[in-house]
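Read through the structure below, which is laid out as structure tokens, and then see the notes.
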């Protein structure tokens, strides 16, 4: 009796392949050289769920094959299932790599952003078109990943090759089995033709009898169906538990191909839990004087929006303080509003070797700077000397997909989805439209195509609609007046006064710095407005090999620097080289602004951390600078000790002569704030500066503090107001209070730490564990963001209506439309349809082959 069938071989091989990949996810190190998933005990649960999943697939495969053999003889059931098995292995591999690279599950939205892009909602045509790119972004990203971990990828490719060969072998055997004739070549003897015929018939009958007997035994109904009920029941029970239990552990352990479903799981909060979470959110985020939460209803629908009390009373006139509010003071808008420039550095975490020793070693909350060392980042050091720096400032997510989006919109990354796609219809407290309402002309210069990671649905907001559902988008204001992203032609390069070269993948900082200066200058000449300009850099993107021709890195080469063709040497040398290169062009832009448009506030920050270590280790620190602080190398490899995921640092500086601004900046020159801060604090800071000068105090959902006020309070030893901020991916989170960072996994508090300041791995610094109660409170904090954002209730552009100031009354926004996505069913249909379609193609081919064989056989029989 054949207990192991062909279908079982395929299912078992798929299970083993997924277990190898899942094992890498649970036991391998991420690019930051720490465990991807800290709770390795969960691997057993993951194995169990995969085993049930494969058993269910195998059962369906066997049953359908049995039915096919009886009814649809030529339908290639095994071919169809083999395609699905390969897709399961593929999704598992993508999920493992995504977890390794980004600490993020590969959900449906991940594929939507990078592979299955849709038509943009807004007209994304650029005003200036350049030369066509000569490189493929996706292929270059893959090449970079392979260069970074060659052994890892060799194992994956070899394993994938073996699996594909095995599957092809199984398919060929399955196809040939259908065509195999149960006959033997019988030597035809000239002396007895009749006996030869009888012998032939006997052989055929014996072969047929043997085949039928074996088939009957191997496909025994008792054998087949006695186990099916238990398998299905166990699988259904596991699925029900997975669906109904509000536990991230089950979601994490579920097979990777369930991510299409998992990404649509919204943490369910009862009314009681929701109200408790809102109360906790508001209690842990104290507002500055004169502000209050705008939604004062018993169950607030917009729990995160705050505004000046005059605006709050416009929506809640019953509040006790409304009648006694004084009239708004008459504010004369500043005649010459300062320009505001935000520089977003790609993947920026200055290792301790790049930071002043006294800053690294001090445990104080604010220290005398500057922040950066002159032999590493001289231009940023100059800006730090003339402004105020923040060594622990962090993004709210990574990679750019999450960090950039959160910076620009104020949203917090979802725990199991991607905001760039999931929130496309949401009203958000974005800074481009905020500054346009404050009277600024806005511009953006980018090094990369906006479609690559889904930015085109955001950068071009407010432009002409291309969507078939305008009701959801018509109220969205314009973001940027001017947007630039192009590879310059020779003629354009001449205008920019740069040398035109062939670029590797994206437009290098050398070119985009020139573009920013050129179009900033043109905008100042054409517009009678201050400019709000954003410039994104790219050369510090992993794998830190730069985007420009090698010749342009020569003067910044560090250590071995750039060797050979396009591949640099040691990781720390590569990163330091491209960081010094980026620093140089940031300095060029700063010098240009100082000389030509000095009435400018300049903000420099990273979109997220460098992600990869070792950017610093004991031996590297000692080798590079013997006077540097000592670091615990083993600390870097603990799951929650590395700083390079979110931590990026920042500088804010003012170059002009506006006395009101100088009074704020001058006392803080060359100070370095070490307490935890984040992107939203920096955006809240420039919001406040512009509002004070224009007199337009708008409602906001930016959960941030004014960093200049924070630094001033620290210098005078004043207590800090209570504040919580969140940074997250689907695998890793940080919750920062006013003076402490708590790092934890979505699975639970096991092995997780809290720590005060950057860098974490300074030898001797105390690290502690978080409790189960703290973990549950943090998870509810994130769940609140998930629920509010998915329901499009974090913000509404209607709250920016300047007419809503008490005693004028306004109504709360209603009919806020959220993004209801039916894509999982569509994708499931596409996958099933593709499998069936390929199966039908193979079926027609097989039918043709079968017809040909039968025709040839008939001709031979006629001859006999």
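Residue numbers (the UniProt record's numbering): 1 to 864.
We treat Cβ as the ideally placed atom computed from N, Cα and C, and that holds for glycine.
Where the alpha helix (DSSP H) containing residue i begins and where it ends
i, result
"residue 587", "571-596"
"residue 734", "Unbroken run through residue 734 is the beta strand (DSSP E), 732-736; no alpha helix (DSSP H)."
"residue 688", "679-694"
"residue 773", "772-790"
"residue 711", "707-715"
"residue 546", "First-last for residue 546: undefined, no H or E at that position."
"residue 662", "659-665"
"residue 276", "271-283"
Selected residue, minimal CA-CA separation from residue i, among the options
i, options, result
"residue 544", "512, 525, 521 and 577", "577"
"residue 666", "92, 387 and 287", "387"
"residue 924", "519, 525 and 582", "There is no way to answer for residue 924, as the model of the chain reaches only from 1 to 864."
"residue 349", "49, 607 and 381", "607"
"residue 668", "369, 165 and 530", "369"
"residue 652", "670, 288 and 463", "670"
"residue 7", "16, 36 and 77", "77"
"residue 813", "475, 490, 495 and 716", "475"
"residue 551", "501, 793 and 782", "501"
"residue 493", "518, 472, 67 and 477", "518"
"residue 477", "490, 488, 463 and 489", "463"
"residue 809", "466, 314, 522 and 37", "314"
"residue 360", "522, 672 and 43", "672"
Neighbourhood of residue i by C-beta distance below 8 Å, restricted to the same chain and skipping five residues each side
i, result
"residue 485", "126, 445, 446, 447, 448, 449, 450 and 507"
"residue 11", "54, 55, 57, 58, 61 and 85"
"residue 796", "302, 305, 427, 813 and 816"
Cα-Cα separation between residue i and residue j, rounded to whole angstroms
i, j, result
"residue 483", "residue 514", "15 Å"
"residue 687", "residue 481", "19 Å"
"residue 743", "residue 732", "8 Å"
"residue 366", "residue 707", "12 Å"
"residue 604", "residue 455", "21 Å"
"residue 586", "residue 746", "37 Å"
"residue 532", "residue 342", "8 Å"
"residue 255", "residue 20", "13 Å"
"residue 806", "residue 306", "15 Å"
"residue 310", "residue 316", "10 Å"
"residue 164", "residue 91", "15 Å"
"residue 695", "residue 435", "13 Å"
"residue 426", "residue 408", "13 Å"
"residue 859", "residue 852", "11 Å"
"residue 643", "residue 676", "12 Å"
"residue 598", "residue 339", "9 Å"
"residue 25", "residue 261", "20 Å"
"residue 371", "residue 319", "46 Å"
"residue 189", "residue 161", "Low per-residue confidence applies at residue 189: pLDDT is 41, beneath 50, and the placement is therefore not dependable, though the value from the model is reported in the following sentence. For residue 189 and residue 161, the distance between alpha carbons rounds to 49 Å."
"residue 284", "residue 39", "29 Å"
"residue 865", "residue 123", "Nothing about residue 865 can be reported from this structure: the residues present for the chain run from 1 to 864 only."
Sequence-distant residues of its chain with Cβ nearer than 7 Å to residue i (five each side left out)
i, result
"residue 88", "14, 18 and 257"
"residue 800", "437, 698 and 699"
"residue 645", "32, 103, 398, 609, 611 and 732"
"residue 413", "396, 397, 402, 406, 419, 728 and 729"
6 Å CB neighbourhood of residue i in its chain, flanking five on each side removed
i, result
"residue 866", "What is shown of the chain runs 1 to 864, which leaves residue 866 out entirely."
"residue 167", "82"
"residue 472", "425 and 817"
"residue 720", "738"
"residue 509", "537, 539, 582 and 585"
"residue 151", "none"
"residue 385", "370 and 670"
"residue 601", "338, 340 and 654"
Range of the contiguous beta strand (DSSP E) that encloses residue i
i, result
"residue 743", "741-745"
"residue 308", "306-308"
"residue 339", "339-345"
"residue 443", "441-445"
"residue 653", "650-654"
"residue 726", "725-728"
"residue 390", "388-390"
Distance cut-off 6 Å: residue i Cβ against heavy atoms of the ligand ADP
i, result
"residue 392", "Among the components modelled here there is no ligand, and therefore nothing to report on the ligand ADP."
Rounded Cβ spacing between residue i and residue j (contact assumed at less than 8 Å)
i, j, result
"residue 417", "residue 109", "6 Å"
"residue 723", "residue 702", "Wrong, their Cβ atoms sit about 12 Å apart, outside the cutoff."
"residue 394", "residue 648", "6 Å"
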